[in-house]
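J.: Below is the structure I would like to discuss, written out as structure tokens.
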Amino acid sequence: MELWRQLRQAGLVPPGLGPPPRALRGIPPAGGAGQSLMSPGADTKGARESLLWIWEELENLRRVDIQLLGQLCSLGLEIGALREELVAFLEEEEEIIEEEKEDEELEGTQEEGHLGGSCPARCLGLPDFEMTI
Numbered sequence: 021m022e023l024w025r026q027l028r029q030a031g032l033v034p035p036g037l038g039p040p041p042r043a044l045r046g047i048p049p050a051g052g053a054g055q056s057l058m059s060p061g062a063d064t065k066g067a068r069e070s071l072l073w074i075w076e077e078l079e080n081l082r083r084v085d086i087q088l089l090g091q092l093c094s095l096g097l098e099i100g101a102l103r104e105e106l107v108a109f110l111e112e113e114e115e116i117i118e119e120e121k122e123d124e125e126l127e128g129t130q131e132e133g134h135l136g137g138s139c140p141a142r143c144l145g146l147p148d149f150e151m152t153i
């Protein structure tokens, strides 16, 4: 199954988890319905019909299982891509925060050098407004 292979190549398959069962790899089971369980000559019309119905239901379930496995593999690949995007985004955010901290440190050292009579109100911790009495 192509999606399973892609999931494994992306490293998103949990360790120790082997390949999907043969029934889910799209390989039809060997033999037909009732071939090995029916003996010739016996009156088995009702049993044969029941067995055929069960076989058809099992085949339908196998098809659904294959579809679900494909969807799970697709979701796994999508989650892997989203994880990579998230890591890249977080790295960019970290760089931005570091740059902002560096800028603040530079501004702080520049302001410390200008302390005195010409220091703005924000350097002295005063409010940033004027009051008239």
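Numbering of the sequence shown is given in our numbering, commencing with residue 21 and proceeding in unit increments. Every residue, glycine too, gets a C-beta built ideally from N, C-alpha and C.
Return the residue from the list GLU119, GLU124, GLU122 and GLU104 that minimises the CA-CA distance to ALA30.
T.: Closest by alpha carbon: GLU104.
J.: I need the DSSP call for LEU37, collapsed to helix, strand or coil.
T.: It is coil, neither helix nor strand.
J.: Report, in whole angstroms, the separation of the C-beta atoms of LEU95 and GLN26, which I expect to be a contact under 8 Å.
T.: LEU95 to GLN26, Cβ: 12 Å. No contact.
J.: Measure the C-alpha to C-alpha separation of GLU68 and ILE74 and round it to an integer number of angstroms.
T.: The question names Glu, but residue 68 in the sequence shown is Arg. Approximately 10 Å between the Cα atoms of the pair.
J.: Quick check: the Cα distance between GLU125 and GLY100, rounded to an integer number of angstroms?
T.: Using only the alpha carbons, I get a separation of about 38 Å.
J.: Determine the extent of the alpha helix (DSSP H) in which LEU23 is found, giving its start and end residues.
T.: Looking at the DSSP string, the run of the alpha helix (DSSP H) that includes LEU23 is 22-29.
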